[in-house]
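This report refers to the structure that appears directly beneath it.
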Amino acid sequence: MDFVLRPGERLIRYFAPEAEDAFYLPYKYGAGGWTEFPQEVAEYAIRTEDGPRSQRDDRRWATGKLEYRPILSSKDAYYPAWGSGDNSNLLLPDPNAGGDYLGRREGSRAAQALFEMQSPYVLIDARLSLRVFLRDSNQSLRAEISLDGGRNWGEMALVKGPFEDVWQAEPSVILRSQHGRLTAVSGRYGYLIRLSMLGNGAADSIRLRDIEITSRFELNPRTLPALGHGRNELQYRAGAALQRRPFPVRIDRLSQYACHAAAVRCVTEGGQNVLWPDRGQTAEIIFELAAPDGSPLSSFDAGSRFLDLRDGLAPDKLTAETRRTSLGGQSQNEAGSAQASLAWSVSMTGGYRVLWQYDQRLPWLDGKPVNKLLRWPEVDRRVTDLPNKPLGSHCPVGADRRHQPLCRVKLAIGVLGLDNTVRVEHHDVSGLQSDTAHPKIDIGQHPHDRPSLAEPRDVFRGAQDEGRRMSGVRVLQCSAGRIQPGIEDCYVPGLAGQFKKDPVQCRQDLAGPARSGCIHPQSNLN
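Read in this note's numbering, the sequence shown has 529 at position 510, and its numbers run on one by one without any break.
Structure below.
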């Protein structure tokens with residue numbers, strides 16, 4: 020797991036759910052709209068309200084929090100795209116001049132501030148809180164959220180002046196059901212928040228302070244290091260500098276995400292989408308990758324699930340079982356012509372390098388073919404040998420023309436389909452490294468600073484409670500001007516599932532020179 024911990028950001032991981040009703044509740048979309056996906060099974064005592072726990076033993080889920088208090092005086096705290104409506108007309112706080120608020124440079128124009136939240140775990144919810152000052156009645160502050168890198172925005176809330184108080188906003192609720200609610204961020208792994216300061220007036224008549232963005236997430240507590248009796252030690256070392264950003268793709272709105280798409284259509288069956296080539300043609304889909312600020316990319320990941328539906332069976336992504344599909348008949352008589360490939364290039368006109376190509380021959384290691392076979396190759400590839408400078412011109416079709424492209428990913432399918440698991444993700448800043456010699460927990464690192472730890476430090480001391488494995492919270496935070504991955508306020512489960520303060524206070528203090536970035540180190544669990 021690679022994750023960047025920014026100044027003012029804190030990652031908290033609990034060993035158990037904070038509350039019994041705090042979990043990601045999946046929903047499915049069908050002819051009747053959105054409905055809860057988990058089904059009650061009385062015979063096996065499976066209840067949705069129990070959350071994602073095991074029905075056979077006491078294994079259960081855990082939750083955590085991401086808290087981001089951006090340092091408003093630093094441009095690095097904002098989404099790294101400036102101008103053309105992104106982070107425009109902003110007057111950043113200047114502590115040296117006594118400024119302590121985010122405002123507008125020109126009072127006659129609207130101002131926009133963008134903030135990015137990425138999570139290594141599936142999100143449950145999101146909340147925005149800030150202190151707002153609107154002096155005049157014609158002024159307002161609008162909060163919006165985007166789940167696809169700013170291509171589409173949905174309104175969270177709007178506050179009108181005159182106003183001076185703490186203001187909170189959350190993503191709109193799509194559906195409230197018996198066991199939970201579905202919001203815009205439910206089941207996602209990141210989002211953007213845009214604050215728009217609207218209405219004419221003096222430049223200082225709109226002021227924003229104390230911005231905080233919080234999200235809860237769900238995780239498997241068994242991905243956290245187990246703690247034994249007595250003293251426990253975790254050792255950390257600095258990892259590679261890497262900023263990972265996903266490139267969200269909605270295949271039902273392909274024209275908004277692909278800079279080129281030909282001979283392809285999106286087919287919806289039972290609320291599940293599949294990209295399918297026009298009959299007799301080879302579909303071609305090209306995505307253009309670029310960092311928001313145009314900086315070089317160090318690497319990227321790309322992949323998808325390709326579907327050979329010659330037998331009329333397709334994957335059901337909700338149940339992990341099979342389902343019947345009407346698309347299979349179209350390839351029944353053309354199985355010999357099935358083809359698919361994944362390639363990349365730095366040029367729109369050619370020079371593509373093939374990363375993967377579908378092979379129907381399926382070489383059997385034992386020489387004994389299996390009669391019944393689901394031909395759904397799941398493909399993931401990583402490219403690390405990218406050029407370290409911007410290349411080429413802007414993609415001519417549907418591209419975001421604000422940024423310089425660095426590479427393009429092409430998917431081609433003929434008599435095969437692509438389900439809606441198209442995955443493209445790019446990594447900013449060079450220095451990608453891997454080390455499989457030791458198991459690690461990669462927490463993150465500021466991409467523009469590479470501090471190092473002279474020696475491993477003891478960062479966690481705890482004890483078990485009554486012979487049970489310790490359950491608590493692990494906090495890693497990044498404070499302005501200091502490397503400070505930390506673990507704070509450990510808890511152990513008390514009676515009736517309640518939490519009580521453990522007398523052993525878990526603290527970490529990594530002394531060192533002041534820096535503008537914070538490491539998200541790696542844990543060696545030998």
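Backbone N, C-alpha and C define an ideal beta-carbon position, used for all residues, glycine too.
Exercise. Output yes or no for whether 8 Å exceeds the beta carbon distance between D144 and G220.
Key: no
Quiz item: Of the choices Y33, Q262 and F182, whose alpha-carbon is the least far from that of R79?
Solution: Y33
Quiz prompt | the stretch 97-117 touching the stretch 65-82, judged by at least three CB pairs closer than 8 Å | solution = no
Quiz item: Helix or strand or just coil, what does DSSP make of A339?
Solution: Note: A339 maps to coil in three-state DSSP.
Practice problem: Would you decide whether I65 is buried or exposed? Buried here means 16 or more other CB atoms lie within 10 Å of its CB. | Solution: exposed
Quiz item: Grouping DSSP H, G and I as helix and E and B as strand, with all else coil, what is D69?
Solution: helix
Exercise. Report yes or no: do the stretch 231-238 and the stretch 132-149 share at least 3 C-beta pairs separated by less than 8 Å?
Key: yes
Quiz item: By the 10 Å Cβ neighbour count, where 16 or more other Cβ atoms means buried, how is S345 classified, buried or exposed?
Solution: exposed
Quiz item: Near E39, which residues of its chain fall below 6 Å by C-beta distance, leaving aside the five closest residues on each side in sequence?
Solution: none
Practice problem: Return the CA-CA distance between G169 and E55, expressed in angstroms with no decimal places. | Solution: 28 Å
Exercise. Report yes or no: do three or more beta-carbon pairs, one from the stretch 204-220 and one from the stretch 128-142, lie closer than 8 Å?
Key: These segments touch.
Quiz item: Apart from the five residues just before and just after R207, which ones in its own chain have a Cβ nearer than 7 Å to its Cβ?
Solution: L142 and L166
Self-check item: Neighbourhood of G486 by C-beta, 6 Å cutoff - its chain only, sequence neighbours within 5 removed
Solution: For G486, the pLDDT reaches just 30, beneath the cut-off of 50, and the residue's location in the model is therefore unreliable, although a value from the coordinates is still provided. Closer than 6 Å at Cβ, skipping near neighbours: no residue.
Practice problem: Using a threshold of 8 Å, state whether the C-beta atoms of T67 and H248 are closer than that. | Solution: no
Quiz item: Under the rule that 16 or more other beta-carbon atoms within 10 Å means buried, what is W295, buried or exposed?
Solution: buried
Quiz item: At least one CB of chain B closer than 8 Å to the CB of E189: is that the case?
Solution: Here there is only one protein chain, and chain B is not present.
Exercise. Mark A515 as exposed unless 16 or more other C-beta atoms lie within 10 angstroms of its C-beta, in which case mark it buried.
Key: Any reading at A515 needs caution, since the residue's pLDDT is 30, under 50, leaving its predicted position unreliable; the model's value is listed next. Result: exposed.
Quiz item: With distances taken from CA atoms, which of E303, P265 and R263 is nearest A282?
Solution: E303
Practice problem: For P89, name the three-state secondary structure that DSSP assigns. | Solution: Correct three-state label for P89: coil.
Quiz item: Which residue or residues does DSSP assign as beta-bridge partners of V494?
Solution: I31
Quiz item: What number of angstroms, rounded off, separates the C-alpha of D76 from the C-alpha of L201?
Solution: 28 Å
Practice problem: Decide if E252 is buried, meaning its Cβ has at least 16 other Cβ atoms within 10 Å, or exposed. | Solution: Burial call: exposed.
Quiz item: Which residue or residues does DSSP assign as beta-bridge partners of F56?
Solution: F56 is not bridged to any residue.
Practice problem: To the nearest angstrom, report how far apart V373 and S159 are at their CA atoms. | Solution: Whole-angstrom Cα-Cα distance: 51 Å.
Quiz item: Ordered along the chain, which non-local residues of its own chain (more than five positions away) have a Cβ less than 6 Å from that of V268?
Solution: Y276 and V441
Quiz item: Are the beta-carbon atoms of P311 and Y98 separated by less than 8 Å?
Solution: yes
Quiz prompt | Cα-Cα separation, C285 to V185 | solution = Cα to Cα, C285 sits roughly 45 Å from V185.
Practice problem: Could you name the residues of the same chain whose beta carbon sits closer than 8 Å to that of L332, not counting the 5 residues immediately before and after it, in chain order? | Solution: T341, R342, R343, T344, G347 and L393
Quiz item: Quick one: what does DSSP say D95 is sitting in, helix, strand or coil?
Solution: helix
Quiz item: Going by alpha carbons, who is nearest to D229 out of D320, S148 and E125?
Solution: Of the listed residues, the one whose Cα sits closest to D229 is S148.
Practice problem: Mind checking who T82 pairs with in its DSSP beta bridge? | Solution: E237
Quiz item: Three-state secondary structure (DSSP) at G199?
Solution: coil
Exercise. Pair every Cβ in the stretch 394-402 with every Cβ in the stretch 319-327, then say whether three or more of these pairs are closer than 8 Å.
Key: yes
Exercise. Leaving out five residues on either side along the sequence, give the residues of the same chain with a beta carbon under 7 Å from the beta carbon of Y43.
Key: Closer than 7 Å at Cβ, skipping near neighbours: V141, I143, S205, G206 and E237.
Practice problem: Tell me, to the nearest whole angstrom, how far the beta carbon of L111 is from that of L85; I am working on the premise that it is less than 8 Å. | Solution: That pair is no contact at about 23 Å.
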